[in-house]
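Read in our numbering, the sequence shown has 15 at position 15, and its numbers run on one by one without any break.
Report on the structure given below.
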Amino acid sequence: MIESYVKFLGFGVMGVNLFFIISGFLITGLILDIRDKKNGLRKFYIRRALRIFPLYYAALAVIFIILWFYDSESFHIKDRIFSYMFYLQNIDFLWYESDVTPFKYSGWQLLNHLWSLAVEEQFYIFWPIIVLWLTKTWRFKQNILLMLALIIFSVCLRYYIAVLYGWEYAYILLLSRMDALIMGGMVSYIIYKRPKAFLTIKEANIDCFKLLSLALIFLVAYSIYTGAFALFITKYTITFMNIFYLSLLIRVLGGDNDKNKGCYRRLFCSGFMMETARVSYGIYIIHVPVLYLLSRGMIAFGITDFYFVYPMLTCVGGMISFSLAYLSYHFYEKRFLLLKDKWAPLDGK
1 MIESYVKFLG FGVMGVNLFF IISGFLITGL ILDIRDKKNG LRKFYIRRAL RIFPLYYAAL
61 AVIFIILWFY DSESFHIKDR IFSYMFYLQN IDFLWYESDV TPFKYSGWQL LNHLWSLAVE
121 EQFYIFWPII VLWLTKTWRF KQNILLMLAL IIFSVCLRYY IAVLYGWEYA YILLLSRMDA
181 LIMGGMVSYI IYKRPKAFLT IKEANIDCFK LLSLALIFLV AYSIYTGAFA LFITKYTITF
241 MNIFYLSLLI RVLGGDNDKN KGCYRRLFCS GFMMETARVS YGIYIIHVPV LYLLSRGMIA
301 FGITDFYFVY PMLTCVGGMI SFSLAYLSYH FYEKRFLLLK DKWAPLDGK
């Protein structure tokens, strides 16, 4: 009854796009903040490594040990260790003689979600260099036009790959998913360089947000109705979803006036939300193994009804993932985060 688990994870498509938008926004902001600092780019990479690497490689080691002893045949562990060690798990099908993607493993599904981290890490390689170079050599309008061109290229490439080679490949490659990352980065760049222009965009975004909400609901419903959920989502809905999340980001960032201010502040600045933000990376790394193991446990006890399994995975799996991520952050990750100001201080020293 693994179908329940697969169906459950299928809704992750809704979240990964928001993850990319926010990530592009935050990373671009960090890059712009360090552009005038001494050895800023080196410090940026050191600080990101201290945030990403410790938990990733610790989780990878635990999962690989489990797979080695319990499911080594269905998961070609010897072939794929290199890929996961160097964040190449979303493109290693290019040199392995198989059609294996993160969605086609015949065995355990503990590592499926890490393709998105590979996309983000690959994005870190070139985006900081591009942003620093462009902000020093090109004008504001030229940079915005280039970002828009890259976004359009990514959207078109995603459609092309999905039609010719399959949705799995279009879904996991950096070039076909970087539109969301660049969208978030573009908002950060506009705020940094032209805050008055952002205010104009914010006002125009109010009505757009309402229309995009309705359009997104219709597209998701239609994709489920037609039965071609994955392909339709990859070809069309991801693009609208990215635009919707971009509009949502602008709306949240622009909620500094009238009646929205108190609502957004209470929601996003509450103690629970701040703590969730701190442990969100841990939740991301941990949640799929937790959900999968819970799913297998339910199967072992004969619990196979999807409409019972889904809420159980949501509630119990969510609480376990949050608890483990909380412990990981405060008793493991924090030790490495404290090294940021020692190894890569941002005070110009």
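Don't be surprised by glycine CBs; every beta carbon is placed ideally from N, CA and C.
Computed from a prediction, not measured in an experiment: that's the story for all the values here.
Limits of the unbroken alpha helix (DSSP H) element including residue i
| i | result |
| --- | --- |
| residue 333 | Per DSSP, residue 333 belongs to no alpha helix (DSSP H) and is neither H nor E. |
| residue 279 | 271-300 |
| residue 156 | 140-164 |
| residue 316 | Residue 316 -> no alpha helix (DSSP H), and no H or E assigned at all. |
| residue 122 | 115-137 |
| residue 342 | 340-343 |
| residue 182 | 174-193 |
| residue 251 | 238-253 |
Beta-carbon proximity of residue i to residue j, cut-off 9 Å
| i | j | result |
| --- | --- | --- |
| residue 159 | residue 93 | no |
| residue 128 | residue 31 | yes |
| residue 118 | residue 89 | yes |
| residue 43 | residue 346 | yes |
| residue 163 | residue 179 | no |
| residue 175 | residue 157 | yes |
| residue 234 | residue 216 | no |
| residue 336 | residue 53 | yes |
| residue 312 | residue 303 | yes |
| residue 288 | residue 113 | yes |
Integer Cβ distance of residue i from residue j, believed to fall under 8 Å
| i | j | result |
| --- | --- | --- |
| residue 182 | residue 150 | 5 Å |
Proximity winner among the options, relative to residue i (alpha-carbon distances)
| i | options | result |
| --- | --- | --- |
| residue 317 | 286, 307, 28, 56 | 286 |
| residue 121 | 193, 177, 338, 270 | 177 |
| residue 115 | 237, 171, 308, 27 | 171 |
| residue 20 | 305, 249, 198, 140 | 249 |
| residue 81 | 66, 60, 343 | 60 |
| residue 185 | 148, 204, 343 | 148 |
| residue 123 | 35, 166, 28, 66 | 28 |
| residue 203 | 321, 274, 254 | 254 |
| residue 111 | 167, 40, 290 | 290 |
| residue 340 | 18, 50, 17 | 50 |
| residue 40 | 240, 133, 64 | 133 |
| residue 33 | 126, 125, 131, 69 | 131 |
| residue 239 | 84, 187, 219 | 219 |
| residue 252 | 274, 293, 272, 205 | 205 |
| residue 26 | 190, 141, 91, 37 | 190 |
| residue 66 | 271, 293, 38, 139 | 293 |
| residue 332 | 305, 55, 165 | 55 |
| residue 125 | 271, 46, 192, 37 | 46 |
| residue 140 | 17, 194, 188 | 194 |
| residue 211 | 274, 241, 95 | 241 |
The ligand FMN heavy atom lying under 8 Å from the CB of residue i
| i | result |
| --- | --- |
| residue 61 | The ligand FMN is not part of this structure, which contains no ligands at all. |
query: Is the stretch 282-300 close to the stretch 237-248, with three or more CB pairs under 8 Å?
result: Taking 8 Å as the limit for Cβ pairs, the verdict is that the stretch 237-248 does not touch the stretch 282-300.
message: Three or more C-beta pairs under 8 Å: does that hold for the stretch 277-292 against the stretch 325-344?
response: Contact holds between the stretch 277-292 and the stretch 325-344, because three or more Cβ pairs, one in each stretch, are under 8 Å apart.
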